[in-house]
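Take a look at the structure below.
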Amino acid sequence: MSSTRPGGENPAAPSFRIRAQQLEKLPPCQAQCPNSGDVRGWLGVIAQHKKNKLTLDEAYDKAWQILAELNPLPATIGRICPHPCEDLCSRRDKDGAISINAMERFLGDWAISRSLPLPRAGAAKYAESIGVIGSGPASLSFAYQMARRGYDVTMYEKHEFPGGMLRHAIPDYRLPREILDAEVERVLDMNISLVRNIDVGSSVDLEKLRDKHTLIFLGLGAQGARELGIPGEQGPGVISGIDYLQHRKRQPESQHGKQVLVVGGGNTAIDAARSARRDGASVTLLYRRSETEMPAAAHEVEDARTEGVEFRFLVSPTRIVRDGSEIRELHMQEMRLAEADEQGRRRPVSIPGRVQKIAADVVIVAVAQAPDWEGMGVLAGGQEWLHTRDDGKLDEDIWAGGDDRGPGIASKAIAQGRYAAEAAHAELRGQENPRERSARKAIHNGAVKMDFYSEQQRTVGCRRSQQERLSDPESEIDQTISYEQACQEASRCMSCGLCFDCQQCFMYCNKAGFTRIDETRPGNYFVLALEACEGCGKCIEVCPCAYLEARDR
Amino acid sequence: MRMAEDLGLARDVGRKAQESQAWALQDGSRIAVIGAGPAGSMFSYFFLTMAETIGLDVGVDMYEPRRFCHRGPAGCNHCGGVVSETLIQRLATEGIMLPDSVVQRGIESYTLHMDVGDVEIATPLMEKRIAAIYRGNGPRQSVPLDTHSFDGYLLQLAEQKGARIISRLVTDVRREEDLMSVHCADQHCDQYELVVVASGVNSRLSEMLESQSHNFKRPARTKTFICEFHLGREVIRETFGPSMHVFLLDIPRLEFAALIPKGDYVTLCLLGDDIDDELMERFFSSPEVQNRFPGAIIPEHACHCYPRINIRAAVPAYGDRLVMIGDSGSTRLFKDGIGAAYKTAKAAAKTAVFHGVGAENFERHYAPLCQKINRDNQVGKFVFSVASLVQKARFARRGILHMTANEQKQTVSPRRMSDVLWDLFSGSESYTNVFLRTLHPAYIGSLLKNLVVGNLPGSAGRNAHSSSQENGHVQH
Amino acid sequence: MAGLGKEYKEGEVIVRQGETGNCMFVIQDGEVEAVAEANGKELRLRTMGPNEFFGEMALFENETRTATIRATRPTRILTIDKKNFLGGIHEDPSLAFRIVQTMSHRIRDLTDRLAKFEEGD
Numbered sequence: 049m050s051s052t053r054p055g056g057e058n059p060a061a062p063s064f065r066i067r068a069q070q071l072e073k074l075p076p077c078q079a080q081c082p083n084s085g086d087v088r089g090w091l092g093v094i095a096q097h098k099k100n101k102l103t104l105d106e107a108y109d110k111a112w113q114i115l116a117e118l119n120p121l122p123a124t125i126g127r128i129c130p131h132p133c134e135d136l137c138s139r140r141d142k143d144g145a146i147s148i149n150a151m152e153r154f155l156g157d158w159a160i161s162r163s164l165p166l167p168r169a170g171a172a173k174y175a176e177s178i179g180v181i182g183s184g185p186a187s188l189s190f191a192y193q194m195a196r197r198g199y200d201v202t203m204y205e206k207h208e209f210p211g212g213m214l215r216h217a218i219p220d221y222r223l224p225r226e227i228l229d230a231e232v233e234r235v236l237d238m239n240i241s242l243v244r245n246i247d248v249g250s251s252v253d254l255e256k257l258r259d260k261h262t263l264i265f266l267g268l269g270a271q272g273a274r275e276l277g278i279p280g281e282q283g284p285g286v287i288s289g290i291d292y293l294q295h296r297k298r299q300p301e302s303q304h305g306k307q308v309l310v311v312g313g314g315n316t317a318i319d320a321a322r323s324a325r326r327d328g329a330s331v332t333l334l335y336r337r338s339e340t341e342m343p344a345a346a347h348e349v350e351d352a353r354t355e356g357v358e359f360r361f362l363v364s365p366t367r368i369v370r371d372g373s374e375i376r377e378l379h380m381q382e383m384r385l386a387e388a389d390e391q392g393r394r395r396p397v398s399i400p401g402r403v404q405k406i407a408a409d410v411v412i413v414a415v416a417q418a419p420d421w422e423g424m425g426v427l428a429g430g431q432e433w434l435h436t437r438d439d440g441k442l443d444e445d446i447w448a449g450g451d452d453r454g455p456g457i458a459s460k461a462i463a464q465g466r467y468a469a470e471a472a473h474a475e476l477r478g479q480e481n482p483r484e485r486s487a488r489k490a491i492h493n494g495a496v497k498m499d500f501y502s503e504q505q506r507t508v509g510c511r512r513s514q515q516e517r518l519s520d521p522e523s524e525i526d527q528t529i530s531y532e533q534a535c536q537e538a539s540r541c542m543s544c545g546l547c548f549d550c551q552q553c554f555m556y557c558n559k560a561g562f563t564r565i566d567e568t569r570p571g572n573y574f575v576l577a578l579e580a581c582e583g584c585g586k587c588i589e590v591c592p593c594a595y596l597e598a599r600d601r
Numbered sequence: 006m007r008m009a010e011d012l013g014l015a016r017d018v019g020r021k022a023q024e025s026q027a028w029a030l031q032d033g034s035r036i037a038v039i040g041a042g043p044a045g046s047m048f049s050y051f052f053l054t055m056a057e058t059i060g061l062d063v064g065v066d067m068y069e070p071r072r073f074c075h076r077g078p079a080g081c082n083h084c085g086g087v088v089s090e091t092l093i094q095r096l097a098t099e100g101i102m103l104p105d106s107v108v109q110r111g112i113e114s115y116t117l118h119m120d121v122g123d124v125e126i127a128t129p130l131m132e133k134r135i136a137a138i139y140r141g142n143g144p145r146q147s148v149p150l151d152t153h154s155f156d157g158y159l160l161q162l163a164e165q166k167g168a169r170i171i172s173r174l175v176t177d178v179r180r181e182e183d184l185m186s187v188h189c190a191d192q193h194c195d196q197y198e199l200v201v202v203a204s205g206v207n208s209r210l211s212e213m214l215e216s217q218s219h220n221f222k223r224p225a226r227t228k229t230f231i232c233e234f235h236l237g238r239e240v241i242r243e244t245f246g247p248s249m250h251v252f253l254l255d256i257p258r259l260e261f262a263a264l265i266p267k268g269d270y271v272t273l274c275l276l277g278d279d280i281d282d283e284l285m286e287r288f289f290s291s292p293e294v295q296n297r298f299p300g301a302i303i304p305e306h307a308c309h310c311y312p313r314i315n316i317r318a319a320v321p322a323y324g325d326r327l328v329m330i331g332d333s334g335s336t337r338l339f340k341d342g343i344g345a346a347y348k349t350a351k352a353a354a355k356t357a358v359f360h361g362v363g364a365e366n367f368e369r370h371y372a373p374l375c376q377k378i379n380r381d382n383q384v385g386k387f388v389f390s391v392a393s394l395v396q397k398a399r400f401a402r403r404g405i406l407h408m409t410a411n412e413q414k415q416t417v418s419p420r421r422m423s424d425v426l427w428d429l430f431s432g433s434e435s436y437t438n439v440f441l442r443t444l445h446p447a448y449i450g451s452l453l454k455n456l457v458v459g460n461l462p463g464s465a466g467r468n469a470h471s472s473s474q475e476n477g478h479v480q481h
Numbered sequence: 079m080a081g082l083g084k085e086y087k088e089g090e091v092i093v094r095q096g097e098t099g100n101c102m103f104v105i106q107d108g109e110v111e112a113v114a115e116a117n118g119k120e121l122r123l124r125t126m127g128p129n130e131f132f133g134e135m136a137l138f139e140n141e142t143r144t145a146t147i148r149a150t151r152p153t154r155i156l157t158i159d160k161k162n163f164l165g166g167i168h169e170d171p172s173l174a175f176r177i178v179q180t181m182s183h184r185i186r187d188l189t190d191r192l193a194k195f196e197e198g199d
């Protein structure tokens with residue numbers, strides 16, 4: 049043996065022993081979710097409902113409550129979120145990620161059908177008055193989090209109906225109005241007063257609201273569209289993606305292009321292209337990089353293709369040619385991909401002399417959006433976006449969240465609204481900032497023992513066919529999974545990093561070191577008594593979900 | 006749990022003159038095997054093989070949540086990992102051949118280490134007929150080579166015969182109406198015509214079954230110690246060779262200690278009465294171990310465990326539609342547990358296929374084997390108590406060393422002492438058989454002679470380590 | 079190092095026709111041929127590979143080996159003692175099933191070959 053033994057020391061002394069500890073870890077779904085949703089927590093309530101003596105109905109109610117603590121719009125987000133939570137799901141490479149988005153949607157619909165009220169956080173009532181400008185996801189989230197903590201909240205909306213981009217830009221075939229209405233209504237039912245048709249910055253001065261409220265939240269969004277800046281862009285027939293979508297929501301089938309070009313590669317571009325396709329136009333989407341660089345969700349791109357949207361990659365518009373005021377064609381420069389930029393995305397560069405022409409009568413420009421600072425430019429300090437502290441604090445009494453801080457998906461806006469509310473609440477109450485608490489340990493790669501879990505195919509909800517989609521353009525494409533399917537799908541969750549009562553440690557510990565807890569709940573099934581531990585480490589190795597781990601010496 | 010409800014294990018069924026056909030399995034019957042160690046896999050293998058020969062179509066579900074492809078304790082069923090000469094031959098006769106990837110090393114001799122000297126006992130045929138194997142897929146920190154688990158291999162045989170492997174942990178077995186129901190940790194539940202418990206003594210299932218049945222007593226257990234040392238293939242070949250090293254030391258409560266060479270690792274196995282730190286300390290610091298294994302220390306994070314072994318059989322080991330096999334029922338004391346698993350598995354499978362699954366069937370066709378094993382263990386206890394007397398008496402050790410060394414040197418036939426030791430350590434023969442041979446007048450006569458000669462001044466044993474050249478087999 | 083049994087080189091004789099024996103053999107790895115010698119001429123009876131056994135007749139009758147068995151390439155063979163085998167059969171008669179089955183196949187094979195031989199004569 050190479051190792052030598054220090055004189056007199058017990059060779060069998062605990063140096064070789066392994067001591068286990070129960071440690072909850074951050075699962076990949078939660079780590080990936082912008083809103084840090086406790087996906088494992090609410091799936092666990094459903095998957096383990098029998099163990100915890102809940103009926104399935106009770107489990108769904110409870111799961112929704114856990115979900116709604118952080119996100120007041122599950123039925124909405126369950127429909128439109130590109131679900132990054134599923135991207136690194138441990139199950140992904142085995143038999144498909146858990147259908148987290150479909151589950152969220154199911155629970156959202158479940159709560160609407162049962163008229164479940166949003167969960168309050170305690171019964172306290174505070175004197176401070178809170179003003180929220182805008183009613184998009186960030187504002188709704190902030191207002192909800194403040195209201196449920198006992199604050200008096202007033203929300204100011206420029207339009208007649210609340211919901212922001214969710215209402216004005218997301219097409220009905222992705223998010224039916226009645227779903228959004230039901231969820232927004234439920235937030236407002238938390239005793240939030242809504243002031244409609246008020247444009248802060250023009251019809252009312254921001255300073256006035258600052259005087260009126262203890263604290264203001266800005267959820268202004270980013271409704272200003274960027275232009276291409278090419279000859280022929282000014283004039284009829286050219287419209288921004290966001291304007292097109294908003295207009296179409298108010299007056300469906302108002303745009304009658306025959307040959308529509310959409311410029312851009314984000315979700316707005318895709319929504320615009322699919323909407324125009326529904327209005328009967330032939331639609332070509334132009335993007336200056338290749339498909340892999342597209343920021344739009346891959347499944348949306350696929351849906352657009354299924355519905356007949358044509359794609360032209362590696363082209364950049366250079367000129368819009370008109371016959372009088374009518375658009376005739378668009379000229380575009382062919383591009384190639386050069387080396388990657390700082391963000392790792394490959395940069396497009398033009399190929400000299402290679403210009404193509406394409407016929408068009410409408411051009412929808414959806415390249416980028418930015419906040420519209422009308423009357424409030426002073427807040428941004430002359431910059432394009434608001435630069436707040438991490439938790440959203442902008443000024444002594446002003447907090448902000450959502451697209452006015454930079455573009456992002458709706459669940460990021462909800463997260464920013466929530467984090468701002470949590471921080472603002474802590475500040476108002478003189479408590480420690482909750483965001484500064486230490487984060488949970490992530491699960492290292494390969495720690496979840498995949499082969500302990502039996503194969504079980506991913507549940508996929510029904511979808512409308514291509515013909516149905518075009519003949520009934522506003523009807524929703526995806527259908528909610530069934531009551532039974534939801535339970536089945538929840539049972540696929542591997543509960544990465546949290547005990548789900550597989551009982552292997554209990555069964556195989558030779559010293560009976562694990563004792564079952566009387567009142568169980570997900571993550572809480574056994575207590576470990578280390579006095580008895582023989583240090584073999586078997587419990588750690590049979591623990592499929594990496595909840596048990598070796599203690600550091 | 007439900008104390009009132011009884012698992013219905015048979016204590017005294019009483020032998021009827023005529024065996025009824027009431028418990029015979031039919032086409033379409035289903036049976037559950039709990040645990041896919043050697044007992045469970047061999048039961049399934051033999052059951053399905055025999056059922057096929059008589060055209061009986063019965064489904065076998067094997068419940069095993071663990072995976073034998075995992076390294077370390079998770080994929081292991083915890084034993085020294087020696088397949089006895091007898092079992093190797095039986096399996097070969099059955100047509101079961103252990104592939105090279107399963108056999109980590111073929112063993113052809115035993116080296117006995119005592120304070121009075123060492124002696125190597127070779128097999129008469131100079132043939133490797135003992136297999137050193139890994140129960141799982143090797144020690145925790147081993148590099149995955151082309152090694153395969155012994156248990157995994159047997160399970161694969163059962164699967165090839167048509168057994169269905171269900172990756173679930175069984176937490177309860179209940180009698181429901183006329184069938185047995187199996188309940189799992191994940192709430193899954195299924196019903197069977199027969200439940201075969203092969204979960205061993207390193208799971209809490211038998212404890213849970215005991216708690217809900219007022220007449221069932223689970224096997225009594227004691228604690229052992231197993232640890233894997235990484236030394237590398239070359240060092241192992243040079244230091245240990247194809248030999249299993251057995252230590253006969255004067256350490257209270259230690260019945261048996263062995264180092265078993267495998268691929269890159271040597272397995273240390275300590276058997277006795279509740280192996281603890283103090284006993285391990287004494288073992289490691291003994292000169293015999295230090296000579297063979299200088300500076301021996303258990304490396305940090307070394308793969309080790311304290312497996313329990315069965316030291317008293319379960320009673321009763323069967324009931325209507327229920328039978329306990331392998332370590333869950335009766336096994337051999339200290340040695341050849343896998344051999345006992347083979348025997349009990351096959352006897353239970355034969356009973357179920359050819360006779361029926363009622364307590365009366367097991368009583369008639371399975372119980373006799375268990376009783377035979379249990380009786381032999383009684384003799385075994387006596388043999389080991391004699392062995393521990395020898396461990397305490399230096400003069401006796403000298404006599405044994407002398408006699409064995411002479412037999413090995415001169416190829417005397419019959420090799421009475423060598424064979425007794427061989428059969429005792431390798432578990433190749435029943436304890437009864439070993440014991441009866443020690444009663445042979447020629448053995449006693451020879452031993453007495455060697456006791457005298459071995460203790461004369463100047464004998465090999467008296468100057469154990471200095472005069473080792475005298476005896477070709479005495480090891481350094 | 080791994081692997082059980084005893085190794086034989088190509089061409090090495092494992093049992094010789096006419097010798098007495100008290101064990102049977104199971105091939106672990108490699109291949110052997112069974113050869114009968116009659117009137118100074120060698121007759122190749124069959125070849126056998128892994129998991130097949132030979133020499134089983136000596137376990138049942140105390141007679142001499144009926145054929146010579148030779149390794150046709152490096153081969154590893156496990157021996158089964160008569161004592162162990164018969165003891166096993168005494169405990170569990172079904173242990174003999176596979177041997178009986180194989181012996182039955184061999185008789186059938188020989189019968190066929192004999193019939194063909196007589197036909198061709």
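Chains as they are written, first to last, in our numbering: chain F, 49 to 601; chain S, 6 to 481; chain A, 79 to 199. A virtual CB, placed ideally from N, CA and C, is assigned to each residue, including glycine. Bear in mind that the values here come from a model prediction, so they are computed numbers and not experimental data.
Counting only beta-carbon separations shorter than 8 Å, does residue i have a partner in chain S?
i, result
"residue 580 of chain F", "no"
"residue 558 of chain F", "yes"
"residue 535 of chain F", "no"
What separation, rounded to the nearest whole angstrom, lies between the Cα atoms of residue i and residue j?
i, j, result
"residue 141 of chain S", "residue 85 of chain S", "11 Å"
"residue 73 of chain F", "residue 86 of chain A", "58 Å"
"residue 132 of chain A", "residue 144 of chain A", "11 Å"
"residue 25 of chain S", "residue 166 of chain A", "29 Å"
"residue 479 of chain S", "residue 292 of chain S", "The pLDDT assigned to residue 479 of chain S is 32, lower than 50, so where the model puts this residue is not dependable, and the model offers no usable value."
"residue 175 of chain A", "residue 303 of chain S", "47 Å"
"residue 106 of chain A", "residue 158 of chain A", "12 Å"
"residue 309 of chain S", "residue 314 of chain F", "56 Å"
Applying a beta-carbon distance threshold of less than 8 Å, which residues of chain F neighbour residue i?
i, result
"residue 174 of chain S", "550, 551, 552, 555"
Which first and last residues belong to the alpha helix (DSSP H) in which residue i is found?
i, result
"residue 501 of chain F", "No alpha helix (DSSP H) holds residue 501 of chain F; DSSP gives it neither H nor E."
"residue 423 of chain S", "421 to 431"
Among the options, which one has its Cα closest to the Cα of residue i?
i, options, result
"residue 96 of chain F", "F:562, F:553, F:541, F:583", "F:541"
Using a Cβ cut-off of 8 Å, pull out every chain S residue sitting near residue i, in sequence order please.
i, result
"residue 133 of chain F", "Chain S residues near residue 133 of chain F: none, gap ~24 Å exceeds 8 Å."
Span of the beta strand (DSSP E) holding residue i?
i, result
"residue 400 of chain F", "394 to 407"
Using a Cβ-Cβ distance under 8 Å, would residue i count as near chain A?
i, result
"residue 105 of chain S", "yes"
"residue 102 of chain S", "yes"
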